[in-house]
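Chains as they are written, first to last, in the numbering used here: chain F, -2 to 365; chain P, 4 to 85.
All C-beta atoms in this analysis are idealised placements derived from N, C-alpha and C, irrespective of residue type, glycine included.
Beneath this line is the structure, given in structure tokens, with notes to follow.
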């Protein structure tokens, strides 16, 4: 995180705000709610209090503006610049402006006002941009889920650096952003996608293109806004050019960016018994056009053509995949090998010789 | 139509980069572009700063990944000074 140069802060913790005008994109009540919720992000973790006033100047004046709006920092029409805010101080200090050439919304179509406002209020309180891609104070907009938003740890550390911790007994903590070679990371799921490999963890995934040395960290929701975070299993079916994601008893089918109509569906429609609560890992075997679903110490085989689970399943994983005795967290197929991920370990299993060929660290694909 | 040529795309990306770096990394251009191409120019130096901040490969060059990040919607920086 970083603090605005000169460390400008408000010298009292009881601050006022005023909403000077509204965007036609949203109902006024929704704007009010988004702004109130955005301030609460910061008051929940510090001694700061925010009170809305309706008359007279407030500490933080909030307005929707377009183009050149007289503060020497013109907006630029749709996209690009979304909003800006001034550091703590008198007059324009603390004020926040939203570019009303954007499409503002309370959901995820367009730019979510709550998310952008929470970021801008960070500036109004004295924070600068963070280079942590998972932080709220990261400068680029990311399509996080406003309903499940938790202030990340990086931002908590930043604002408490300026205003100290909250007086609440319970010390707030927030999600952290994984670092690529963190040896503690356990992948939730791994899929291939049109030649790339994607490694999912929490609300992120690393995207590894065969021709780029560096993997790229993305929010799951910046690609698929309707997918949940914390995905448990996923696989690619190259025949149908679909990727399927599993969490709990639900699964989603996608093609490229698009979640196919009618999803999520229940895994029980695939034929799993109700004793199966969730899927640990899944992989599509191109040679047989079957998909293996791993649950606990057993696995099922699903015939993608007939769209039914094969008879004589479930079977013991260890029986058919000798050497794979730990829980399978993720699995994918490449070049005739299955790569089983269990915790921080990765087993390279030869489909033809039916044995583990190599044992590696789970992050070896990411250049670690 | 006409199809955008490679040169057009490069010029457009340069324009985007110049606006971006002026806006967020205090690139001084005085209206001239002659410093854009040398590897040790202010332009290249600012690109390096930006690439480092966003965790991109630090090359000082306007590669496609850098352009992609420059195109992402983001928070502006108010001109506090004046």
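Rounded Cβ spacing between residue i and residue j (contact assumed at less than 8 Å)
| i | j | result |
| --- | --- | --- |
| residue 280 of chain F | residue 335 of chain F | 6 Å |
| residue 79 of chain F | residue 99 of chain F | 6 Å |
| residue 81 of chain F | residue 58 of chain P | So it is not a contact: roughly 23 Å between Cβ atoms. |
| residue 240 of chain F | residue 233 of chain F | 5 Å |
| residue 264 of chain F | residue 243 of chain F | 7 Å |
| residue 103 of chain F | residue 212 of chain F | Actually they are not in contact, since the Cβ atoms of residue 103 of chain F and residue 212 of chain F sit about 33 Å apart, beyond 8 Å. |
| residue 163 of chain F | residue 322 of chain F | Between residue 322 of chain F and residue 163 of chain F the Cβ distance is about 46 Å, and since that is not below 8 Å, they are no contact. |
| residue 66 of chain F | residue 94 of chain F | 7 Å |
| residue 133 of chain F | residue 152 of chain F | 5 Å |
Under the three-state DSSP convention, the category residue i falls into
| i | result |
| --- | --- |
| residue 9 of chain P | helix |
| residue 81 of chain F | strand |
| residue 183 of chain F | coil |
| residue 11 of chain F | strand |
| residue 151 of chain F | helix |
| residue 38 of chain F | helix |
| residue 203 of chain F | strand |
| residue 26 of chain P | helix |
| residue 359 of chain F | coil |
| residue 72 of chain P | helix |
| residue 288 of chain F | strand |
| residue 37 of chain P | Reliability of the predicted coordinates at residue 37 of chain P is poor, the pLDDT of 47 falling under 50, and the value obtained from them is presented with this limitation in mind. Three-state DSSP puts residue 37 of chain P in coil, outside helix and strand. |
| residue 23 of chain F | coil |
| residue 60 of chain P | coil |
| residue 262 of chain F | strand |
| residue 350 of chain F | coil |
| residue 129 of chain F | coil |
| residue 87 of chain P | Residue 87 of chain P is absent from the structure shown; chain P starts at 4 and stops at 85. |
| residue 300 of chain F | strand |
| residue 15 of chain P | helix |
| residue 83 of chain P | coil |
| residue 232 of chain F | strand |
| residue 29 of chain F | helix |
| residue 114 of chain F | helix |
| residue 267 of chain F | helix |
| residue 317 of chain F | helix |
| residue 310 of chain F | coil |
| residue 220 of chain F | helix |
| residue 166 of chain F | coil |
| residue 43 of chain P | coil |
| residue 160 of chain F | helix |
Where residue i meets chain P, residues with beta-carbon distance less than 9 Å
| i | result |
| --- | --- |
| residue 84 of chain F | 81 and 83 |
| residue 138 of chain F | 75, 76, 77 and 78 |
| residue 144 of chain F | By Cβ distance, chain P contributes nothing, its closest Cβ being about 21 Å from residue 144 of chain F, past 9 Å. |
| residue 108 of chain F | 76 |
Under 9 Å from the C-beta of residue i: neighbouring residues of chain F
| i | result |
| --- | --- |
| residue 63 of chain P | Within chain F, no residue comes near residue 63 of chain P; the closest Cβ sits about 16 Å away, beyond 9 Å. |
is_contact[residue i, chain F] using C-beta, thresh 8 Å
| i | result |
| --- | --- |
| residue 49 of chain P | no |
| residue 46 of chain P | no |
| residue 60 of chain P | yes |
| residue 37 of chain P | Reliability fails at residue 37 of chain P, whose pLDDT of 47 lies under 50, so the model's placement of it is uncertain and no value is given. |
Proximity test, Cβ basis, 8 Å: residue i and chain P
| i | result |
| --- | --- |
| residue 80 of chain F | yes |
| residue 121 of chain F | no |
| residue 208 of chain F | no |
| residue 116 of chain F | yes |
| residue 130 of chain F | yes |
| residue 77 of chain F | yes |
Cross-chain neighbours of residue i in chain P, by beta carbon under 7 Å
| i | result |
| --- | --- |
| residue 149 of chain F | Ordered by position in chain P, no residue passes the 7 Å Cβ test against residue 149 of chain F, which lies about 16 Å from the chain. |
| residue 211 of chain F | 60 |
Residue-level contact to chain C via CB, residue i, 8 Å cutoff
| i | result |
| --- | --- |
| residue 307 of chain F | Although the question refers to chain C, the structure presented lacks it and instead comprises the protein chains F and P. |
Report yes or no: do the stretch 187 to 194 of chain F and the stretch 205 to 216 of chain F share at least 3 C-beta pairs separated by less than 8 Å? yes
With three or more beta-carbon pairs closer than 8 Å as the criterion, would you say the stretch 125 to 141 of chain F touches the stretch 157 to 177 of chain F? yes
The stretch 64 to 78 of chain P / the stretch 136 to 144 of chain F touching (three or more Cβ pairs under 8 Å): yes
I want to know whether the stretch 55 to 74 of chain F touches the stretch 12 to 30 of chain F - three or more CB-CB distances under 8 Å. yes
Determine, using beta-carbon pairs with one atom in the stretch 268 to 279 of chain F and one in the stretch 288 to 302 of chain F, whether at least three such pairs fall under 8 Å. yes
Count the CB pairs spanning the stretch 328 to 345 of chain F and the stretch 244 to 264 of chain F that are closer than 8 Å, and state whether there are at least three. no
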